[in-house]
Each structure stands twice: as structure tokens, then as C-alpha cells.
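Report on one structure; see the data block that follows.
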Amino acid sequence: MVAPPDNDVLWARALHFSHSGSPALTGVSLGVRQGEILAVGGPRGAGKTTLLQCLSGQLLPQQGEVWFNSAPVHTMGPLVRERLRRDRFGWIDPEPALVPELNVWENTALPLMLRGGGRRPAKTAAHEWLERLDVGHLARKRPHALHMAERQRVAIARALVHAPDVVFADEPTATLHQADRAHVLRTLTAAARSHSITVVLATSDAEVGALADRTVPLLDGRRVNTVHLPAGQPEAEGRAACSLSV
Numbered sequence: 001m002v003a004p005p006d007n008d009v010l011w012a013r014a015l016h017f018s019h020s021g022s023p024a025l026t027g028v029s030l031g032v033r034q035g036e037i038l039a040v041g042g043p044r045g046a047g048k049t050t051l052l053q054c055l056s057g058q059l060l061p062q063q064g065e066v067w068f069n070s071a072p073v074h075t076m077g078p079l080v081r082e083r084l085r086r087d088r089f090g091w092i093d094p095e096p097a098l099v100p101e102l103n104v105w106e107n108t109a110l111p112l113m114l115r116g117g118g119r120r121p122a123k124t125a126a127h128e129w130l131e132r133l134d135v136g137h138l139a140r141k142r143p144h145a146l147h148m149a150e151r152q153r154v155a156i157a158r159a160l161v162h163a164p165d166v167v168f169a170d171e172p173t174a175t176l177h178q179a180d181r182a183h184v185l186r187t188l189t190a191a192a193r194s195h196s197i198t199v200v201l202a203t204s205d206a207e208v209g210a211l212a213d214r215t216v217p218l219l220d221g222r223r224v225n226t227v228h229l230p231a232g233q234p235e236a237e238g239r240a241a242c243s244l245s246v
């Protein structure tokens, strides 16, 4: 077992994972620096969600290693991984899974209250993040009264409220219209940068990936390196060739 580089908050080596015998990841390795916004790109079925789930400890890779701040996630027991996800990570789904019985600020404050924090400081922190994300005026509304883009901003506030080290965002704008998509992504990236929060973002949208510091493309569970051909190559050969990196 090789320790990860000191400057990587997340590090994975040779990850393999299959769903019901169908390969989702095949030898994927990567490192993510502190405060970096990393986009994991690729079409549907490329393995993006599975990679985020392995990096965040939701899934254990069937082969390979995952390290967070020099701690081996792949050898942790279920309770330790659960605490890691609760205390150090945030997660954003494609569709915001808010608790319908709770209002907006209560949904936002959930990570703090689950850690045993007091209601008053949790409410204050929730209101601060909702204001940053331009939905502070909705704090007392229930999720059913919100538009999809508003609900997704609340989900982002919930993912950021406990000052996590890493936020994992799985296609966070997939269900949104174009204008809402751009606004929500700019809001997420600006909030993360202002607090030096690392973001690992799965997306099949090239415009979304352009907001990241770096993109790791996946295809059929493998990393893809795009190799640009020299000028003057015949048109039949195409503009670029793709090679798989294992």
C-alpha cells in the first residue's frame, strides 16, 4: 500500500468496480488537490457516479485504494466511513432530496444537527448559507413550494453548511434549464472557492466542465486522454485521437 502525495486531499489508485458483473470502473487512478474544482466528464454510463461513490466512501472498490488526507478509506469500516461522510464530506444529487416535512432552513441545517450541534447556531449557519446562495427569503417555506432551481440551491447550501473538506456533486444541474444551470453552477463554484472547499463534480455537460480547474474524462469506466493531432493530418484521421489510460 503506497501513501498518497501530501498535496492531494483525495487520491485513488487502480479502482475497479462492477455492478452485477458489468464493469463500471476499470483501473481508474486520480488525485485531487486541496481547494481544487475537479470535473469528472463523460457520457451516461461512463462510470462517473460510481467513481464519486467510491471516492466518498459510499461504495468500497472491489480492487484499488482510496485515500482521504492520508487516511485509507478503502480499509475503513462502515461506521467510520459513515462519520467521514457526515463530518467531512458534502453530497449533491442530480435531483435535490429535501425532507418534505422540514422547511428550507431546517433542511439546510440538517448536517449540523445530525452532528449534535445546537439548534440556534445551526439555524444561524443555515441562514448565512441560504443568503449566500440567494434563497434566504425562502427560509421558512417547505420544499414543495420551491422551483427546482431553488430546491437545488437549498441542497447546495446543505452540502456546504458544515464546512466540509470535499463536496461531491453528481450531475447537480441535470434537471435544470440552461439559465438556471449556469447560475447554480456559478453559485456552487464561487461558494466553494471562497471557503477553499474541494469539489468533485460529475457532469456530461462540457459547459459545466469548463467552470472546473481540471477535467478527468471517463469512457466505459476508464480515464481517457485526448491527444491532439498535428496540423495537416488527413481529414479521415479526424481532429483528435483518444487513448485509454489505466
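Residue numbers (the UniProt record's numbering): 1 to 246.
Glycine is no exception: its CB is placed at the ideal position from the N, C-alpha and C atoms.
Coarse secondary structure for residue i, derived from DSSP in three states
i    : result
E65  : strand
R223 : strand
S243 : Summary for S243: the model assigns pLDDT 46, below 50, so the residue's position carries little reliability, and this model does not support an answer.
R214 : strand
G57  : coil
T189 : helix
I197 : coil
E95  : coil
T50  : helix
D180 : helix
E175 : Sequence check: residue 175 is Thr here, not Glu. Coil at T175, not helix or strand.
V80  : helix
R119 : helix
N-terminal and C-terminal residue of the alpha helix (DSSP H) that residue i is part of
i    : result
G209 : 206 to 209
P143 : Segment: none, P143 is in no alpha helix (DSSP H) and carries neither H nor E.
V104 : 104 to 114
A149 : 148 to 160
Buried or exposed (CB count within 10 angstroms, at least 16 for buried), residue i
i    : result
N7   : exposed
R13  : buried
L79  : exposed
S194 : exposed
R222 : buried
L52  : buried
P111 : buried
Q62  : exposed
P164 : buried
G232 : Residue placement at G232 is flagged as unreliable, the pLDDT there being 47, under the threshold of 50; the coordinate-derived value follows with that caveat. With fewer than 16 Cβ atoms within 10 Å of its Cβ, G232 is classed as exposed.
Q152 : buried
G21  : exposed
V99  : exposed
R181 : buried
L114 : exposed
V199 : buried
G209 : buried
First through last residue of the beta strand (DSSP E) which encompasses residue i
i    : result
S29  : 22 to 33
R13  : 8 to 19
A169 : 166 to 170
G90  : 89 to 92
Check whether residue i and residue j have beta carbons under 7 Å apart
i           : j    : result
V167        : E150 : no
residue 249 : K48  : Nothing can be reported for residue 249, as the shown portion of the chain is limited to 1 through 246.
V161        : A125 : yes
D213        : D93  : no
R142        : N103 : yes
F89         : T50  : no
G64         : L15  : yes
V216        : V40  : yes
L55         : V66  : yes
V73         : G57  : yes
A192        : P96  : no
L10         : F68  : yes
A109        : K123 : yes
L130        : A157 : yes
S196        : P43  : no
I37         : T189 : yes
Residues bridged to residue i (per DSSP)
i    : result
W129 : W129 pairs with nothing; no bridge assigned.
T75  : Per DSSP, none; premise fails for T75.
G41  : T203, P217
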